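J.: With my numbering applied, the sequence shown has no gaps in its numbers, which climb one by one up to 681 at the end.
Beta carbons are placed, not taken as given, at the ideal position from N, Cα and C, and that holds for glycine.
Just so you know, these numbers come straight off a predicted model, no measurement behind them.
Pasting a structure here, questions to come.
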Amino acid sequence: MVHAGQVTAGGASASPGAALGTGPLAGHADRIWPATAALVGLTGEGVAVAAATTESARWNELAVAAAILAYTAVGVLILWHRPGHPIGRLAVVLGAIWGPGEALVATSYAALLHDPHDTMAALGSTAGSFLRGLPWLVSVLVLPLVFPDGHRLDTRLARMAGRVSAAALACFVLATVLSPSLSDLRVEDVANPLGLPARARDAVDAVAASTLLLGVVAIGLAVAVLVQRYRCTGALGRQQTLLFALAFLPPVAALGASVSDVAGPWLFGVASVPLPLLIGVAVLQRRLYDVPLALNRSLTYGTLWLSIALLYAITVGGVGAMLQQRGAVWLPWAAAGIVAVSFAPLREGLQRTANRVTYGQWAQPDEVRSRTARRVGDATNLPGLLQSLVAELADDLGLGHLEVTGPYGEVLAAAGPEDGAYDELPLTAYGAPVGALRWSRRALRVGDLELLGDLARQLGAVVHAHGLLESIRAAQERLVLAREEERRRLRRDLHDGLGPALAGLTLQVDTVRNRTTDPNADTALLDLRSGIQATVADVRRMVEGLRPASLDDLGLVEAVRQLAGGVDLQVTVEASDLPPLPAAVEVAAYRILQEALTNAARHSGGTMATVRLLPGRDLLRIEVADDGSGAVLPRPDGVGLDSMRTRAEEIGGSFELQARPGTGTTIVTTLPLVEGATR
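Given below as structure tokens:
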């Protein structure tokens, strides 16, 4: 028994790597055969160019030669740097098959022109049609499924796409080999030696139509697979898939053009050139490319040179025609001078345009900063300002999801669909952290990060002011709540304590008067009794001013029913059992309903109104709807709406007026049952 590493029969030591085909010899061989295969493909295409019988045929072959050269060169380059890479092997094989196929078709056509009955030439044409069509179909049906690592996704969609592509390729083989006549349209009247009888043409045509139909379905599934791969891979894989998708469009467009007469061999050749080139770029890349930068520079300088050429031509041709001196020696010099003077401003203008096209608002950081600063400086509603700023920045900068969080991670404003991965910058104000600016993770340039840093500093001041405003509002709510609770306590103490005590003193004075016979004492006691009664009246006025008496005597619901009975309207009160309410909520609800019913009776012009008290877990919702005109006209002396809004907002509630001309007005108020419920 011979083990790995022992001496073989030839006297050489067999290493494990060599035995498995992964040692140095295997790596050397994996670089030799691609070069040989590429040489075969290019030689075949060279033969096809030489055998072309017309000028148009030669141009067709040159276009195809460019595609074959691209495939073989890219395949060899991939295998040189990454031996054994499946995509590199596939690219080389496609070029090696395509070239001989073109050679067979071209030479067979030349032979059939002299002898249409040449069986060998007919066989060569059939074989060539198969060999030159197969690589193109594989490039659009198979490559999308295995790009970029040569392995198909293990998903139901990818498996289905593989089956449909295999069926399309099988139909192509059958339609090409079994066609009664040759597939080369230039000699389609020549019988195919391998084909079926002429009476089977309808069946073969059906198979050919199936090839096209299955091909369209397979391309659609391939696009879906590319989308699936894009979603489930990382940033580098997404960019590779995007590059492939961009290059995949021209061959697909060529397939769509195949139904018309314009789809000659040159079209398929030209459309196929970008695909192998971008495949090579995608497979060999080891880091993310700045694709927008490349597009930006291409747009700028491509348009620049086109504009220069156009300017030069207009100067030479147009000025020469106007002056009737077309051949003047000075015209090229004048054109060169005009181009030289125009070059710098033209380049700057085109660069700004390209920046706007490729980068959008990222290309105008000063404008973004100044617009944000103006918005911050003119702000009156800080929560609304934050939301509008976040929405504008997310849309202008294309950040997907953008949000601003507070010091405890609470989201203050957000825009765009949520994503799983975020980047963030801290928001600071006066050296202290106040929150964070978070956006969907994406590759950003240094300048982009600087712009976001500047925006974060501006937003930090807004978030800080927002926090101060919320603190003031919370303090105001606590103050109002404490005030009303204290008023309820004072009213109870005055009503139940001091009032009865004073009434008792009055009775004691009367008792003392009944026992005394001194007229002067009786007069003094009468004065004392009058003073006590006046004090009782003052206390009663104080009690009534602290809080509506009906709230303590009847409760909110019955107090509202009492209010409803005192207005000139038919009022329906709908209220379920209310939980114990804070004193401030009871008073605010009572006063708002009092003002709303009064306004409805005086100004709505209606005859009916409905009051609804709808308690929730944390909120009390109050609705007052009337059937009046629905017209809300401002009055110089009107304070009712402002009063209702102020009463609601000072305890953290909200107020909304819904006017419907011709059908009535509805007032909707929400009041918190716990502190901060509406925020």
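1. Taking the CB atoms as reference points, tell me whether residue 436 and residue 429 lie closer together than 8 Å.
2. Pairs of beta-carbons, one from the region 641–652 and one from the region 596–605, closer than 8 Å: are there three or more?
3. Please give the ranges of any beta strand (DSSP E) in the region 595–674, keeping only runs that are unbroken, at least 3 residues long and fully inside the region.
4. Which residue's Cα is closest to the Cα of residue 42: 213, 561, 70?
5. In chain order, which beta strand (DSSP E) runs of at least 3 residues are fully inside the region 398–427?
6. Measure the C-alpha to C-alpha separation of residue 454 and residue 441 and round it to an integer number of angstroms.
7. Do residue 282 and residue 44 count as a contact pair if the criterion is CB distance below 8 Å?
8. Go ahead and pull the three-state DSSP assignment for residue 440.
9. So what does residue 189 bridge to, in DSSP terms?
10. Going by Cα to Cα distance, which pick from 658, 657, 76, 596 is closest to residue 568?
11. Could you tell me the distance, in whole angstroms, from the CA atom of residue 558 to the CA atom of residue 592?
12. Output the boundary residues of the alpha helix (DSSP H) element that contains residue 112.
13. By how many angstroms is the C-alpha of residue 72 removed from the C-alpha of residue 392?
14. Between the Cα of residue 628 and the Cα atoms of 243, 649, 663, which residue gives the shortest distance?
15. Considering only C-alpha positions, which residue in the set 65, 658, 406 is nearest to residue 270?
16. Check whether the region 127–143 touches the region 161–173, counting contact only when three or more Cβ pairs, one atom from each stretch, lie closer than 8 Å.
17. What does DSSP give as the partner residues of residue 472 in its beta bridges?
18. Decide if residue 4 is buried, meaning its Cβ has at least 16 other Cβ atoms within 10 Å, or exposed.
19. Do you know how far the Cα of residue 56 is from the Cα of residue 144?
20. Which same chain residues end up closer than 6 Å to residue 149 when comparing Cβ atoms and leaving out the 5 residues on each side of it in sequence?
21. Rounded to the nearest angstrom, what separates residue 187 and residue 121 at their Cα positions?
22. With DSSP run on the structure shown, which of helix, strand or coil describes residue 429?
23. Between 312, 512, 544, which has its C-alpha nearest residue 529's C-alpha?
24. In whole angstroms, what separates the C-alpha of residue 407 from that of residue 243?
25. Where does residue 405 land, buried or exposed, given buried means 16+ other C-beta within 10 angstroms?
26. Quick check on the burial criterion: 16 or more other C-beta atoms within 10 angstroms. Buried or exposed for residue 585?
27. What number of angstroms, rounded off, separates the C-alpha of residue 105 from the C-alpha of residue 74?
28. Within 10 angstroms of the Cβ of residue 490, are there 16 or more other Cβ atoms? Answer buried if so, exposed if not.
29. DSSP on residue 676, reduced to helix/strand/coil?
30. Less than 7 Å between the CB of residue 202 and some heavy atom of the ligand COA, yes or no?
31. Of the residues 434, 395, 432, 409, which one's Cα is nearest the Cα of residue 416?
32. Does the beta carbon of residue 582 come closer than 8 Å to any beta carbon on chain D?
33. If you draw a straight line from the alpha carbon of residue 102 to that of residue 228, how long is it in whole angstroms?
34. Using the beta-carbon count (16 or more within 10 Å), is residue 533 buried or exposed?
35. Per DSSP, which one or two residues make a beta bridge with residue 518?
36. Examine the Cβ distances between the region 191–207 and the region 146–160 and report whether three or more of them are shorter than 8 Å.
T.: On the basis of the data shown:
1. yes
2. yes
3. 610–617, 621–628, 656–662, 666–674
4. 70
5. 404–407, 413–417
6. 10 Å
7. no
8. strand
9. Answer is none; residue 189 lacks a bridge partner.
10. 596
11. 7 Å
12. 88–116
13. 47 Å
14. 663
15. 65
16. yes
17. Paired residue(s): none; residue 472 is not in a bridge.
18. At residue 4 the pLDDT is 33, less than 50, meaning the model places this residue with poor confidence; the figure from the coordinates comes in the next sentence. So residue 4 ends up on the exposed side.
19. 34 Å
20. 246
21. 17 Å
22. strand
23. 512
24. 34 Å
25. buried
26. buried
27. 16 Å
28. buried
29. coil
30. The ligand COA is absent from the structure shown, which contains no ligand whatsoever.
31. 395
32. This model lacks chain D altogether, as it is built from one protein chain only.
33. 31 Å
34. exposed
35. Answer is none; residue 518 lacks a bridge partner.
36. no
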